[in-house]
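Colleague:
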Amino acid sequence: MKTVKNLNVDQVTAAIEADAGQALPGLREALTEAKSGQFAQTHSSAQISKRRSRSVACTQAVRKVL
1485 MKTVKNLNVD QVTAAIEADA GQALPGLREA LTEAKSGQFA QTHSSAQISK RRSRSVACTQ
1545 AVRKVL
């Protein structure tokens, strides 16, 4: 976590884009968000309970019958 706080966004962006050989849209913004601490996805209690209440049939993989 401390490493991300001390991140030089411009240098890291330049190094990644040089390695990739092309400009990567959104990279600078993503690194800036990570540096400011906005890197985790949050879930509300309603979302968690909804996900838990799904039946197995809803999430079960569809199988082909030959």
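So for the sequence shown, the working numbering puts the first residue at 1485; every next one is plus one.
The beta-carbon is built from N, C-alpha and C at its ideal position, and this holds for glycine as well.
Source: prediction; values computed, not measured.
1) Return yes when the Cβ of residue 1524 is within less than 8 Å of the Cβ of residue 1488, no when it is not.
2) In this structure, does DSSP put residue 1496 in helix, strand or coil?
3) How is the alpha helix (DSSP H) around residue 1549 delimited, first residue to last?
4) Is residue 1515 buried or exposed, if buried means 16 or more other CB atoms sit within 10 Å of its CB?
Modeller: Based on what the coordinates show:
1) no
2) helix
3) Neither: residue 1549 is in no alpha helix (DSSP H) and is coded neither H nor E.
4) buried
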